[in-house]
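One structure is given here, and the rest of the page talks about it.
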Amino acid sequence: MLLMTEEGKIDASSARKRRAALASTAASVVLTLAKLAAGALSGSLALISEGAHNALDIGVSALTYFAIREADKPADENIFNPRLWIWRQSAKIR
Ligand SMILES: [Zn+2]
């Protein structure tokens, strides 16, 4: 399936990666809210710390989504592109 973006059409493999990153972000949002709510209601410090962990995962998976989007852009003629380098490093964080 092709996905339309601001850059135009991307291939099925890229569309699948982007959907996976978005699904991961959505799952982290649900887990964060559920664990923080359960932690607040029960007073369980373990659940609250798990909720904080999932809140960080929201940022990590969102970063992954933007890294995939950057990686889909065509390569330019520069030998070293600092912007691309930063995005590539960010994809290795998880
Ligand atoms: Zn995690």
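Residues 206 to 299 (my numbering) make up the sequence shown, in order.
Glycine residues also receive a C-beta, built at the ideal position from the N, C-alpha and C atoms.
* Quick one: using the 10 Å Cβ neighbour count with 16 as the cut-off for buried, is I273 buried or exposed? => As a first step, residue 273 must be located in the sequence shown, where it is residue number 68. Classification of I273: buried, given that the 10 Å Cβ count is 16 or more.
* Work out the CA separation of A228 and N286 for me, nearest whole Å. => For the purposes of this step, residue 286 is identified with residue 81 of the sequence shown, where counting begins at 1. For the purposes of this step, residue 228 is identified with residue 23 of the sequence shown, where counting begins at 1. One C-alpha to the other measures close to 29 Å.
* **Contact between the stretch 227–244 and the stretch 253–266 (3+ Cβ pairs under 8 Å)** => yes
* Would you mind stating whether A243 and L252 have Cβ atoms separated by less than 7 Å? => Position 38 of the sequence shown holds residue 243. Position 47 of the sequence shown holds residue 252. A contact, by the Cβ cut-off of 7 Å.
* Nonlocal neighbours in the same chain, by C-beta distance under 6 Å from T269, ignoring five residues either side -> If you number the sequence shown from 1, residue 269 lands on position 64. The residues are A226.
* F271: which of D216, K214 and K222 sits nearest, CA to CA? -> Start at 1 with the first residue of the sequence shown, and residue 271 comes out as number 66. Out of D216, K214 and K222, K222 has the C-alpha closest to the C-alpha of F271.
* Proximity below 7 Å, CB of K278 to CB of G256 -> By 1-based counting over the sequence shown, the position of residue 278 is 73. By 1-based counting over the sequence shown, the position of residue 256 is 51. Against a cut-off of 7 Å, the Cβ pair of G256 and K278 comes out as no contact.
* Put S254 into one of helix, strand or coil per three-state DSSP. => Your numbering for residue 254 matches position 49 in the sequence shown. If DSSP states are grouped into helix, strand and coil, S254 belongs with the helices.
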